[in-house]
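First to last, the sequence lines map onto chains G and F. Just so it is clear: in the first sequence, position 145 is 522 by my numbering, and no numbers are missing. Just so it is clear: in the second sequence, position 169 is 1247 by my numbering, and no numbers are missing. Glycine included, each C-beta is placed from N, C-alpha and C at the ideal position. For reference, the structure is listed below as structure tokens.
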Amino acid sequence: MGVRALIEERGAAFEGYTFGFLDDMAKREIRRAILKGVAIPGHQVPFGSREMPIARGWGTGGLQITLACVGADDTIKVIDQGDDASVNAVNLRRLIAKTTGARETLTTGDATLIQTRHRIPEERMTAGQMLILQVPIPEPLRHVERSVAAARAMHAEADYARMWLALYEDVVRNGEVTAGAGYPVMVNHRFVMAPSPIPRWDIPKLDQAETLFLFGAGREKRIYAVPPYTDVKPLEFEDYPFSIEGFPGMSCRRCGATDSYLVTSPQADGSTLSVCSDASYCDDVLGGRKVVNQW
Amino acid sequence: MATDTSTAPRQSVVADQEQRTFRALLDAMARPGTIQALPQARPADGAWGSALIVMQCLLDHEVTFAVEADDRSVHEQILRRTGARSAPLATADYVLADAAHALAAFEAAIEGDVEEPERSATVVVHVDAVGSGALRAVLSGPGIQTVQPLVLDGLNVVALRALIERNAVYPTGIDTIFVDPQGRVACLPRSTRIEMED
């Protein structure tokens, strides 16, 4: 059995479960939190994160949002670091599909709902799609302020001085802002937000997008959102501007792409192997399909 | 992808309606001023049908609600269908108002505080029509690429001005859902800037 057959294999749907696993009251509470989150872009809304059949920290926040949104006529895609075939992505996708009857896809353009861990797809998402991001730490101020109450007060007063100071100290020590995954962003000129540990490569995609982004942190019990066409700017200094990762002279070993986010792993012979992080994009390039819309 | 959905759990009729309603509300809230379609209301519910669908989608015993309308029958219907607790306008999480009482709702509904701006009211206003009518405003802000018209029938301009006033100090404020008897819905989250058209 090939890998593709293995990830497409699914068998019969579950019997004896509620549609979408969660009970109706849990969904209603999540839906209320999502709507408030959308109305206050970047603000973290608490919600009563439920026990899920996966451990907290493995995508329960994203999963609860997905299950509160999904209908039987949706088409779902789940990616983990861009890959549909990781064990976690496959199991989440199967759970969603088997408890709802929703269609599954591996193709970015075919999905109406995409749940993701730590990547935004390379193919530009459209107004008819939603991206649901799994979030480990929703509080961007966590590393400068350990108290939840104090961090909340800082958000309330838009007092991000300590955040700026931390970035400044980073520049002084290292010559640049070293934050890689989860670079802090300013949403709608008001709230500093943790974009989840997506690479810098994906940060510009959040700004003025056609798509609605929903963020779910199950362990920390927070939901937040970035509506379409919202200003999302990385925190930067005039003389130390934000920049995305570059892959000079490198290309995907599998499909040859030079315009996608690459992940690199060391090989036994001392060389490195770089491939596309986004499996759907890599398949498209390999199959000669032109991805019309890129961010 | 080949999918055997024959044994997949089905949504009950009510749950299916709530899920479709939520997606319409989510689209409307994410794209302020755009008109979304609610699921078909029960004909027996008459003019309030669409508003009841919205309340049913959002309310249960965990939240409170107030009704600001001359017709009190809808209050009874919400109590019966959702199990939500009735509360004074000044503390209710969700407010259903007819167009005549929208001003009172906008003036008195809770707006949250800066630490917890989400602890604010969502006001559902039942208007004669969404997408046509005499009241015209131009919206901009999150969810809107450039500008978006909002056209309503039956709402007094004074009420909309009161809403602008209440939402002047972001991020506290009130989020508004306009519904009409035909099942059209449009939202005005507090993040939207509203300019009146003369």
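Closer than 8 Å to chain G by CB, proline 1220(F): For the purposes of this step, residue 1220(F) is taken as the residue at position 142 of the second sequence. Chain G, which has a Cβ nearer than 8 Å to the Cβ of proline 1220(F), makes this yes.
Residues sharing a beta bridge with methionine 1107(F), DSSP: Residue numbering aside, residue 1107(F) sits at position 29 when the second sequence is read from its first letter. Looking at the DSSP output, methionine 1107(F) bridges to nothing.
Contact check, asparagine 565(G) vs glycine 419(G), beta carbons under 8 Å: Looking up residue 565(G) in the first sequence gives position 188. Looking up residue 419(G) in the first sequence gives position 42. Taking the C-beta atoms as reference points, glycine 419(G) is found nearer than 8 Å to asparagine 565(G).
Bridge-paired residues (DSSP) for methionine 507(G): Here residue 507(G) refers to the residue found at position 130 of the first sequence. Answer is Leu490(G) and Leu589(G), bridged to methionine 507(G).
Residue environment, alanine 614(G), which counts as buried when at least 16 other CB atoms sit within 10 Å: Here residue 614(G) is taken as the residue at index 237 of the first sequence, counted from 1. A small fix is needed here, since residue 614(G) is phenylalanine in this sequence, not alanine. Here phenylalanine 614(G) is exposed. Its C-beta has fewer than 16 other C-beta atoms within 10 Å.
For lysine 413(G), the first and last residue of its enclosing alpha helix (DSSP H): Counting from one through the first sequence, the residue named residue 413(G) turns up at place 36. That run of the alpha helix (DSSP H) goes 401-416.
contact_flag[the stretch 431-451 of chain G, the stretch 581-599 of chain G] where n(CB pairs < 8 Å) is 3 or more: Verdict: yes, contact present.
As assigned by DSSP and simplified to three states, the class of isoleucine 600(G): Position 223 of the first sequence holds residue 600(G). Looking at isoleucine 600(G) - three-state DSSP - the assignment turns out to be strand.
Chain-ordered chain G contacts of phenylalanine 1256(F) [CB-CB under 9 Å]: Locating residue 1256(F) in the second sequence gives position 178, where the first residue counts as 1. The contacting residues do not exist; phenylalanine 1256(F) stays about 14 Å from chain G at best.
Meets three-Cβ-pair contact criterion under 8 Å: the stretch 1257-1264 of chain F and the stretch 1116-1132 of chain F: Touching, yes.
Residue environment, isoleucine 621(G), which counts as buried when at least 16 other CB atoms sit within 10 Å: Counting from one through the first sequence, the residue named residue 621(G) turns up at place 244. When all chains shown are included, isoleucine 621(G) counts as exposed.
Touching by the beta-carbon criterion (3+ pairs, under 8 Å), the stretch 553-568 of chain G and the stretch 384-401 of chain G: When C-beta atoms of the stretch 553-568 of chain G are compared with those of the stretch 384-401 of chain G, fewer than three pairs fall below 8 Å, so the two segments do not count as touching.
DSSP state of leucine 429(G) mapped onto helix, strand, coil: The residue labelled residue 429(G) in the question sits at position 52 within the first sequence. The amino acid at residue 429(G) is misidentified as leucine; the sequence shows methionine. Here methionine 429(G) sits in coil by DSSP.
Within-8 Å CB hit, phenylalanine 592(G) to chain F: Against the first sequence, residue 592(G) aligns to sequence position 215. Under the 8 Å criterion on CB atoms, phenylalanine 592(G) is classed as non-interfacial with respect to chain F.
The stretch 423-435 of chain G contacting the stretch 570-582 of chain G, beta-carbon criterion three pairs below 8 Å: At 8 Å Cβ cutoff, the stretches do not touch.
Alpha carbon of glutamine 1246(F) to alpha carbon of valine 569(G), nearest angstrom: By one-based count along the second sequence, residue 1246(F) stands at place 168. By one-based count along the first sequence, residue 569(G) stands at place 192. According to the sequence as given, residue 1246(F) is alanine; it is not glutamine. Near 21 Å, if we compare the C-alpha coordinates of valine 569(G) and alanine 1246(F).
Pair within 8 Å by beta-carbon distance, alanine 1144(F) and alanine 1182(F): Residue numbering aside, residue 1144(F) sits at position 66 when the second sequence is read from its first letter. Residue numbering aside, residue 1182(F) sits at position 104 when the second sequence is read from its first letter. No, they are not a contact pair.
Which listed residue (Ala1212(F), Ile1131(F) and Leu1241(F)) has its alpha carbon closest to that of valine 1091(F): Here residue 1091(F) is taken as the residue at index 13 of the second sequence, counted from 1. Ranking the options by Cα distance to valine 1091(F), first place goes to Ile1131(F).
Same chain, Cβ closer than 7 Å to isoleucine 497(G), neighbours up to 5 away in sequence not counted: Numbered from 1 along the first sequence, position 120 holds the residue referred to as residue 497(G). Shown here for isoleucine 497(G): same chain residues with a beta carbon closer than 7 Å to its own, the five before and five after excluded, namely Leu508, Ile575, Asp579 and Lys582 in chain order.
Buried or exposed (CB count within 10 angstroms, at least 16 for buried), histidine 1179(F): As a position in the second sequence, residue 1179(F) is number 101, starting the count at 1. Buried is the label assigned to histidine 1179(F), since at least 16 other Cβ atoms lie within 10 Å of its Cβ.
Expected contact under 8 Å - CB spacing of valine 1205(F) and leucine 1230(F) to nearest Å: Here the question's residue 1205(F) lines up with position 127 in the second sequence. Here the question's residue 1230(F) lines up with position 152 in the second sequence. Right, their Cβ atoms sit about 5 Å apart.
Contact set between the stretch 474-494 of chain G and chain F, restricted to residues whose Cβ is under 7 Å from the partner: Among the residues of the stretch 474-494 of chain G, those with a Cβ less than 7 Å away from any Cβ of chain F are Ala474, Lys475, Thr476, Thr477, Gly478, Arg480, Glu481 and Thr482, in the order of the chain.
Beta-carbon neighbours of arginine 1109(F), restricted to chain G and to distances below 9 Å: As a first step, residue 1109(F) must be located in the second sequence, where it is residue number 31. Residues of chain G with a Cβ closer than 9 Å to the Cβ of arginine 1109(F) are, in chain order, Ala504, Leu589, Pro604, Pro605 and Tyr606.
Neighbouring residues, chain F, relative to glutamate 406(G) (Cβ below 7 Å): By 1-based counting over the first sequence, the position of residue 406(G) is 29. Within 7 Å Cβ-Cβ: Glu1140.
Under the three-state DSSP convention, the category threonine 443(G) falls into: Position 66 of the first sequence, counted from the first residue, corresponds to residue 443(G). Here threonine 443(G) sits in helix by DSSP.
Beta carbon of glycine 459(G) nearer than 8 Å to that of serine 651(G): Counting from one through the first sequence, the residue named residue 459(G) turns up at place 82. Counting from one through the first sequence, the residue named residue 651(G) turns up at place 274. No; because the gap between Cβ atoms is not below 8 Å, this pair is not in contact.
Short CB-CB distance (under 8 Å) between asparagine 468(G) and chain F: Here residue 468(G) refers to the residue found at position 91 of the first sequence. Look at asparagine 468(G): its C-beta is not under 8 Å from any C-beta on chain F.
Validate contact between the stretch 1186-1197 of chain F and the stretch 529-539 of chain G using beta carbons, cut 8 Å, 3 pairs: Yes, the stretch 1186-1197 of chain F touches the stretch 529-539 of chain G.
Inter-residue spacing [alpha-carbon to alpha-carbon] between leucine 1266(F) and methionine 627(G): In the second sequence, residue 1266(F) corresponds to position 188, counting from 1. In the first sequence, residue 627(G) corresponds to position 250, counting from 1. A direct Cα-to-Cα measurement between leucine 1266(F) and methionine 627(G) gives close to 47 Å.
Within 8 Å of chain F by C-beta, residues of the stretch 406-421 of chain G in sequence order: Result list: Glu406, Arg408, Arg409, Ala410, Ile411, Leu412, Lys413, Gly414, Val415, Ala416, Ile417, Pro418 and His420.
Secondary structure of arginine 496(G), DSSP reduced to three states: Taking the first sequence and counting its residues from 1, one reaches residue 496(G) at position 119. It is coil, neither helix nor strand.
For alanine 474(G) and alanine 390(G), the rounded distance between their alpha carbons: Your numbering for residue 390(G) matches position 13 in the first sequence. Your numbering for residue 474(G) matches position 97 in the first sequence. The alpha-carbon atoms of alanine 390(G) and alanine 474(G) are separated by roughly 7 Å.
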